[in-house]
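A.B. asks: Using the working numbering, you'd call the opening residue of the sequence shown number 131 and step up by one each time.
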Amino acid sequence: MTGLEMSLLRHRLNHFGYRPRSFHYSSTRLDLAEIAARLNALVEQIPAGTIHFVGHSMGGLVILKLFEAFPDQRPGRIVVLSPPYKGSEAARRFIRFPGGRNLLGRSINQLLQGDVPGWSGERDLGVIGGTLNFGLGRLIGAVGPCGDGTVFIEEMCIPKVRDFITLKVSHMGLLLSKRVAYQICHFLENGLFSRVSS
Numbered sequence: 131m132t133g134l135e136m137s138l139l140r141h142r143l144n145h146f147g148y149r150p151r152s153f154h155y156s157s158t159r160l161d162l163a164e165i166a167a168r169l170n171a172l173v174e175q176i177p178a179g180t181i182h183f184v185g186h187s188m189g190g191l192v193i194l195k196l197f198e199a200f201p202d203q204r205p206g207r208i209v210v211l212s213p214p215y216k217g218s219e220a221a222r223r224f225i226r227f228p229g230g231r232n233l234l235g236r237s238i239n240q241l242l243q244g245d246v247p248g249w250s251g252e253r254d255l256g257v258i259g260g261t262l263n264f265g266l267g268r269l270i271g272a273v274g275p276c277g278d279g280t281v282f283i284e285e286m287c288i289p290k291v292r293d294f295i296t297l298k299v300s301h302m303g304l305l306l307s308k309r310v311a312y313q314i315c316h317f318l319e320n321g322l323f324s325r326v327s328s
């Protein structure tokens with residue numbers, strides 16, 4: 131991912147009064163610990179008293195790894211979109227294809243081996259999962275319970291979260307949806323998602 135996929139979401143968060151910073155990383159070359167260390171170095175450069183985190187898919191796990199490895203962070207809340215916390219059936223199927231393991235890279239292979247960051251629950255963490263089952267997973271035969279086409283809802287379950295909400299969007303649609311942007315901002319402001327139609 132180049133970071134361009136986050137542009138619309140970043141624009142919407144900016145519209146709600148936040149000043150988003152993007153963090154780009156290579157999940158193919160680096161493992162989660164290396165990525166988290168780079169994220170920590172970036173965060174240390176931000177002159178703010180409160181820092182919120184928003185991550186999509188593996189980005190959500192990078193944030194959890196950041197807090198596991200560098201727990202002394204400034205106040206703020208966290209929202210993760212479709213985090214493959216319990217692995218990803220779509221990724222397991224994809225690595226069976228020639229070159230699939232190399233294409234997914236080091237951090238995804240770590241995840242598939244069960245090496246996921248722990249979560250203490252000491253900070254407000256909200257999870258948004260998509261339920262529009264359209265995406266890579268369906269194309270390669272990872273069909274099963276409710277999910278966003280790439281990650282199943284049951285794969286997104288992180289212990290000790292403050293709130294969990296599902297919206298009818300696909301995995302990539304999470305980055306494009308106005309409703310998702312609204313819910314992110316509602317959680318960052320209130321520590322809970324809105325149960326009122328947005």
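For glycine and all other residues, C-beta sits at the position ideal for the given N, C-alpha and C.
Below 8 Å, how does it come out for the stretch 311–323 and the stretch 282–301: are there three or more Cβ pairs, yes or no?
C.D. replies: Result yes; three or more Cβ-Cβ pairs closer than 8 Å.
A.B. asks: I'd like the list of long-range same chain contacts for Met131, defined as Cβ closer than 7 Å, with 5 residues on each side in sequence excluded.
C.D. replies: With a pLDDT of only 46 at Met131, under 50, the local geometry of the prediction cannot be trusted, and no value is derived from it.
A.B. asks: For the beta strand (DSSP E) containing Ile193, name the first residue and the last one.
C.D. replies: Segment Met188 to Ala199 is the alpha helix (DSSP H) holding Ile193; no beta strand (DSSP E) there.
A.B. asks: Please classify Lys195 as buried or exposed, where buried requires at least 16 neighbouring CB atoms within 10 angstroms.
C.D. replies: Per the 10 Å Cβ criterion, buried.
A.B. asks: Would you kindly check if the distance between the Cβ of Val281 and the Cβ of Val299 is under 9 Å?
C.D. replies: Not a contact, by the Cβ cut-off of 9 Å.
A.B. asks: Less than 9 Å between the beta carbons of Leu297 and His182, yes or no?
C.D. replies: No. Outside cutoff.
A.B. asks: Assuming Leu306 contacts Leu138 (C-beta within less than 8 Å), just tell me the rounded distance between them.
C.D. replies: Yes, Leu306 and Leu138 are in contact; Cβ-Cβ is about 6 Å, under 8 Å.
A.B. asks: What's the C-alpha gap between Phe197 and Tyr215?
C.D. replies: Rounded to whole angstroms, Phe197 to Tyr215 spans 15 Å at the Cα level.
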